[in-house]
Structure formats: structure tokens, C-alpha cells
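In our numbering, the protein residues as written are 2 to 125.
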């Protein structure tokens, strides 16, 4: 057993995701009837469940976004602050470039080249 968080339900398909306190992101292609882990080489979920975010869905049913990134993990090599993107409904994930954006730290100060709390990016 274990705790789960970040339940993500696609508005376009039967794909669901959930993260666990053991660091694994799980994917279901049949509305939660069966689950398979996403490779730790491609995506990780953090055990701090209250601040772990869900997978994001785009208007393209196959394109999904995720970033397991928290200020308390800035120096943790197992959880680098990397935004990832899937173009195949979450089967595989690749890092995406989010440089040139901006964000705010927890105290509201602008971040220049650090780890933002939120990203806005174009997928074009």
C-alpha cells in the first residue's frame, strides 16, 4: 500500500495518472481499471504529496505536461526541476525547454534563471 496524490483525469480520453509517496507516477489507459508505472528515467513523482502537482492536459489528447518541481527540492539530484512533455498520451516523456519565461518564488520575488513555481510555454 501507500499514499497517492495528484490524480489527473484526461478530459479527452480514458487516460488517468496518479502519483505515489514512493516516487512513482502511474498511468492508466482504461479509467483506472489497471495501472502501469511510468519509467523513473522519464518521470518521477515526489513523496511530499500536498505539494505534488498533477499531470496537465492540452487541447491535443496526446500531448500532456508534467513537472515535479518544488523549492524544497532545488538541490536534490533525484528530483531536478524539469518540465516534461508527452506527445503519445503519456507513454513516453521528454524534457522541454522552458527558458526565457519567468516565475515567482514562494516569497513573491521574481526568478530570473532559477526554478519557477509555474510555467507558461508554447507547444508550437
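All C-beta atoms in this analysis are idealised placements derived from N, C-alpha and C, irrespective of residue type, glycine included.
Determine the DSSP secondary structure at residue 50, reduced to helix, strand or coil. Residue 50 falls in the helix class under three-state DSSP.
Using C-beta distances below 7 Å, list every residue in its chain close to residue 53, excluding the 5 sequence neighbours before and after it, in chain order. So the list reads 6, 7, 20, 46, 47 and 69, once near-sequence residues are dropped.
Mind reading off the beta-carbon distance from residue 14 to residue 62? Whole number of angstroms is fine, and I expect it under 8 Å. Approximately 5 Å separates the beta-carbon atoms of residue 14 and residue 62; this is inside 8 Å, confirming the contact.
Please classify residue 32: is it buried, with 16 or more other beta-carbons within 10 angstroms of its beta-carbon, or exposed? Exposed.
I'd like the list of long-range same chain contacts for residue 12, defined as Cβ closer than 7 Å, with 5 residues on each side in sequence excluded. Cβ-Cβ distances below 7 Å link residue 12 to 58 in the same chain, with the five nearest sequence neighbours on each side left out; the list follows chain order.
Beta-bridge pairing of residue 26 - partner residues as DSSP gives them: Under DSSP, the beta-bridge partners assigned to residue 26 are 20.
Exposed unless 16 or more other CB atoms sit within 10 angstroms - verdict on residue 3: So residue 3 counts as exposed.
Rounded separation between residue 60 and residue 23 - CA only: Take the alpha-carbon of residue 60 and the one of residue 23: they are about 30 Å apart.
With a 10 Å radius around its C-beta and 16 neighbouring C-beta atoms as the bar for buried, classify residue 9 as buried or exposed. With 16 or more Cβ atoms within 10 Å of its Cβ, residue 9 is classed as buried.
Quick check on DSSP: helix, strand or coil for residue 96? Here residue 96 sits in strand by DSSP.
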